[in-house]
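What follows is one structure encoded as structure tokens, with my remarks underneath.
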DNA sequence: CCCATATATTTTCATTGCGTCAAAAAAATG
DNA sequence: CATTTTTTTGACGCAATGAAAATATATGGG
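Residue numbers (the working numbering), protein chains in the order written: chain V, 39 to 428; chain B, 39 to 428.
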């Protein structure tokens with residue numbers, strides 16, 4: 039796996055269909071010997087050698103230490119997604135602060151940071167990010183040319199079928215209805231992807247090996263400031279005709295409380311607790327056990343409705359309940375939704391999806407943001423397609 | 039567009055990616071001159087000439103009569119999907135009778151037939167079909183080698199994630215949980231596709247030019263014996279992880295009346311009308327106007343719920359209400375569902391889907407069955423992929 | 001230790017599909 | 001008949017892939 043021609047910056051990376059297939063197989067099945075890759079992908083061994091060489095030069099894959107031997111003959115050397123070939127950045131904005139992660143091509147988090155950010159202006163956001171990245175390049179050797187791009191997760195839906203122009207919640211009013219991709223790319227010199235926060239979370243949940251290995255399609259809920267959904271169909275993020283697939287917040291009428299993190303906080307406050315932010319939740323669980331119980335019961339009934347309809351339409355392999363809530367809360371929610379659904383699905387011979395809780399927690403959104411470039415360039419069919427509207 | 043080498047039977051037809059792109063463009067945009075095709079598909083004019091030659095030899099496309107001229111120079115000759123290059127068969131089974139259509143590559147119905155069929159046995163079904171096709175070959179020159187395949191629409195959901203093994207309604211009990219594709223292919227010597235009836239209907243609705251030209255994703259309801267749904271995502275039939283996407287019958291609890299054709303019949307009978315089959319509906323519309331009105335009101339409220347959730351999850355470009363009901367009934371249903379949904383979607387800046395009634399009526403299912411082979415071989419990405427369960 | 005055997009990987013060579021270019025042919029108008 | 005535009009054809013190159021031969025690296029047995 040030598041080093042020949044100079045490698046172009048990753049921001050211009052474009053893989054062929056076959057190359058993408060190899061990468062995707064490795065991502066799903068983990069380190070694999072070339073023979074088995076060839077077999078599984080129905081690609082000639084010679085072709086496969088060339089493919090792995092190319093991907094090696096690009097820094098996308100590397101050879102793993104050989105397996106302990108079991109048979110005679112030349113031993114297999116598994117190849118795997120490379121850990122240090124390049125990076126992707128994810129960012130998202132919260133009320134009053136911003137979050138940032140850098141991941142490698144395996145999807146592992148190399149660096150994470152969150153800092154106060156009161157200003158709404160997206161240009162200031164981009165400049166702050168840029169600063170941070172330059173500092174990181176100096177401190178830890180994250181070379182600029184090796185960044186695939188930046189994914190930004192935004193809490194808001196697409197307007198006019200344009201994924202880059204969104205109607206956003208009030209605390210980031212300056213982000214409303216402007217061409218976010220262009221604005222951010224104007225400041226940062228790397229490709230930018232804009233994604234809905236729940237959709238990003240869905241991508242992150244899907245990229246967990248235990249999910250990806252088992253399923254091709256999943257449904258994800260993310261309970262945070264509101265409640266959102268995301269949907270992976272045939273291993274790809276499903277956008278919908280106007281880029282608003284998964285906007286399940288709409289399913290819960292505005293005049294009733296929604297099953298969201300904010301709503302749990304409000305419920306706790308009403309019960310006399312001091313709950314200002316999601317970070318407080320963990321600490322209140324013991325003292326306000328009953329309030330949590332009641333809320334979980336109500337929220338799970340609401341979620342079960344949305345799960346039920348989502349499953350009927352999409353027939354996913356799994357449903358993941360994710361969000362900025364304590365893990366035990368998510369787990370209880372998942373269990374109760376599961377119970378509700380089992381009742382609804384009873385007497386039905388077809389396979390039904392597992393309903394499970396996320397283990398990523400609130401990190402799902404920003405991680406998913408970082409995975410967006412990765413997924414688009416290295417994973418899904420299109421590449422380039424998802425970044426530009428129409 | 040000459041004729042050179044002997045052409046292989048269509049049952050083994052396999053198009054390259056580029057060939058498929060050309061065919062798909064023609065299907066969506068109608069007859070198109072080669073210059074414009076080359077431009078739209080970003081394919082070199084020389085390459086395009088070669089592609090159209092190949093597709094011409096295969097009998098897939100043909101030259102249309104030239105357009106009236108507007109400018110100097112050699113006039114453009116539009117090419118179009120050929121009408122007589124080959125055929126596809128669709129079949130479906132109803133309580134007591136079966137339905138059959140033969141379509142050409144444009145999707146036009148060349149022949150349709152329905153005949154009593156009391157027996158449940160799928161082998162007898164296949165033999166009856168085979169007989170009928172042989173007779174047609176003799177009478178009307180439908181040569182066997184020019185059949186792409188047979189699509190069979192079945193009212194039942196897939197068991198165990200196998201699209202060819204289904205849990206079916208009681209009046210075709212012998213079809214239950216057997217490998218339908220194998221059984222039918224054992225009798226008929228052509229490739230067989232098995233599809234859910236509502237999914238087939240969705241395909242048929244999608245292939246109407248006014249839909250296909252405008253949208254990439256749609257949601258379809260089919261009201262017949264029960265209620266079913268089908269879903270086109272990114273111009274492809276979406277199957278779900280276990281091949282049961284669109285099973286929206288589940289959304290309506292079993293102990294309540296569902297918004298189906300059967301339910302309308304039952305409602306009419308309860309009101310004293312003599313309504314034995316869907317064919318009677320048309321005649322009762324005047325005499326039982328009030329009953330229809332009331333039913334439509336109730337059914338549209340039920341449907342609106344399912345539409346609402348489907349739209350929230352999938353964000354389709356359009357929703358089509360189809361079924362074995364009189365057109366005016368479907369139209370009224372669509373209008374009322376639309377009204378309901380507009381209420382639910384109000385205050386939302388994103389584009390919302392049109393909700394419209396089908397003009398295909400009960401024919402949608404069998405037509406969609408016939409389109410299944412066409413779609414899989416000539417249209418969607420895979421080709422071959424959808425016919426075999428993983 | 002040396003050699004036959006087994007298996008994985010790499011190299012070499014041929015084929016195919018498609019893009020480019022340039023030129024010719026076709027079919028109209030003025 | 002000159003001009004214009006589309007379509008066809010031929011020559012050629014490149015990139016991707018497959019088939020077969022060569023090479024690498026192990027085991028196992030004398």
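Note that beta-carbon positions come from the ideal geometry of N, C-alpha and C, so glycine has one too. Keep in mind the model is a prediction, meaning the values are calculated, not measured.
Since residue i and residue j are thought to touch, with beta carbons under 8 Å apart, how far apart are those beta carbons, to the nearest angstrom?
{"i": "residue 188 of chain B", "j": "residue 129 of chain B", "result": "7 Å"}
{"i": "residue 185 of chain B", "j": "residue 48 of chain B", "result": "6 Å"}
{"i": "residue 196 of chain V", "j": "residue 388 of chain B", "result": "6 Å"}
{"i": "residue 363 of chain B", "j": "residue 302 of chain B", "result": "7 Å"}
{"i": "residue 357 of chain V", "j": "residue 393 of chain V", "result": "5 Å"}
{"i": "residue 139 of chain V", "j": "residue 147 of chain V", "result": "5 Å"}
{"i": "residue 225 of chain V", "j": "residue 190 of chain V", "result": "Not quite, the Cβ-Cβ distance comes to about 12 Å (not below 8 Å), so this is no contact."}
{"i": "residue 342 of chain V", "j": "residue 375 of chain V", "result": "5 Å"}
{"i": "residue 105 of chain B", "j": "residue 118 of chain B", "result": "12 Å between Cβ atoms; not a contact."}
{"i": "residue 258 of chain B", "j": "residue 287 of chain B", "result": "That belief does not hold up - the Cβ atoms of residue 258 of chain B and residue 287 of chain B are roughly 14 Å apart, past 8 Å."}
Going by beta-carbon coordinates alone, are residue i and residue j separated by less than 9 Å?
{"i": "residue 74 of chain B", "j": "residue 114 of chain B", "result": "yes"}
{"i": "residue 204 of chain B", "j": "residue 222 of chain B", "result": "no"}
{"i": "residue 269 of chain B", "j": "residue 237 of chain B", "result": "yes"}
{"i": "residue 348 of chain V", "j": "residue 233 of chain V", "result": "no"}
{"i": "residue 241 of chain B", "j": "residue 108 of chain B", "result": "no"}
{"i": "residue 193 of chain B", "j": "residue 263 of chain B", "result": "yes"}
{"i": "residue 123 of chain B", "j": "residue 86 of chain B", "result": "no"}
{"i": "residue 365 of chain V", "j": "residue 338 of chain V", "result": "no"}
{"i": "residue 142 of chain V", "j": "residue 156 of chain V", "result": "no"}
{"i": "residue 116 of chain V", "j": "residue 76 of chain V", "result": "no"}
{"i": "residue 58 of chain B", "j": "residue 417 of chain B", "result": "yes"}
{"i": "residue 254 of chain B", "j": "residue 248 of chain V", "result": "no"}
{"i": "residue 355 of chain B", "j": "residue 351 of chain V", "result": "no"}
{"i": "residue 353 of chain V", "j": "residue 277 of chain B", "result": "yes"}
{"i": "residue 182 of chain B", "j": "residue 175 of chain B", "result": "yes"}
{"i": "residue 319 of chain B", "j": "residue 306 of chain B", "result": "yes"}
{"i": "residue 137 of chain B", "j": "residue 150 of chain B", "result": "yes"}
Interface residues of chain B around residue i at Cβ under 9 Å?
{"i": "residue 286 of chain V", "result": "347, 350 and 351"}
{"i": "residue 267 of chain V", "result": "350 and 351"}
{"i": "residue 100 of chain V", "result": "Those within 9 Å of residue 100 of chain V in chain B number zero; the least Cβ separation is about 30 Å."}
Cβ of residue i within 8 Å of any heavy atom in the ligand FAD?
{"i": "residue 364 of chain B", "result": "By its list of ligands, the structure shown contains no ligand whatsoever, and the ligand FAD lies outside what it can speak to."}
List, in chain order, every chain B residue whose beta-carbon is nearer than 7 Å to that of residue i.
{"i": "residue 271 of chain V", "result": "271 and 276"}
In the structure shown, what three-state DSSP assignment does residue i receive?
{"i": "residue 215 of chain V", "result": "coil"}
{"i": "residue 224 of chain B", "result": "helix"}
{"i": "residue 148 of chain V", "result": "strand"}
{"i": "residue 185 of chain V", "result": "strand"}
{"i": "residue 398 of chain V", "result": "coil"}
{"i": "residue 143 of chain B", "result": "coil"}
{"i": "residue 255 of chain V", "result": "coil"}
{"i": "residue 343 of chain V", "result": "helix"}
{"i": "residue 380 of chain V", "result": "helix"}
{"i": "residue 325 of chain B", "result": "coil"}
{"i": "residue 134 of chain V", "result": "coil"}
{"i": "residue 422 of chain V", "result": "With a pLDDT of 40 at residue 422 of chain V, under the threshold of 50, the modelled position of this residue cannot be trusted; read the value that follows with caution. In this structure, residue 422 of chain V counts as coil in the three-state DSSP scheme."}
{"i": "residue 204 of chain V", "result": "strand"}
{"i": "residue 244 of chain V", "result": "helix"}
{"i": "residue 47 of chain B", "result": "coil"}
{"i": "residue 66 of chain V", "result": "helix"}
Can you list the residues of chain V that residue i reaches, using a CB-CB cut of under 9 Å?
{"i": "residue 388 of chain B", "result": "195, 196, 197, 198, 199, 205, 280, 281, 282 and 285"}
{"i": "residue 253 of chain B", "result": "279"}
Against residue i, what residues of chain B qualify as contacts under a CB-to-CB distance less than 8 Å, listed in chain order?
{"i": "residue 289 of chain V", "result": "346, 347 and 350"}
Name the chain V residues that come within less than 7 Å of residue i, Cβ to Cβ?
{"i": "residue 355 of chain B", "result": "279"}
Identify each residue in the region 176-207 of chain B for which the Cβ-Cβ distance to at least one residue of chain V is less than 8 Å, and report them in chain order.
Taking 8 Å as the Cβ-Cβ cut-off against chain V, the residues of the region 176-207 of chain B that qualify are 195, 196, 197, 198, 199 and 205.
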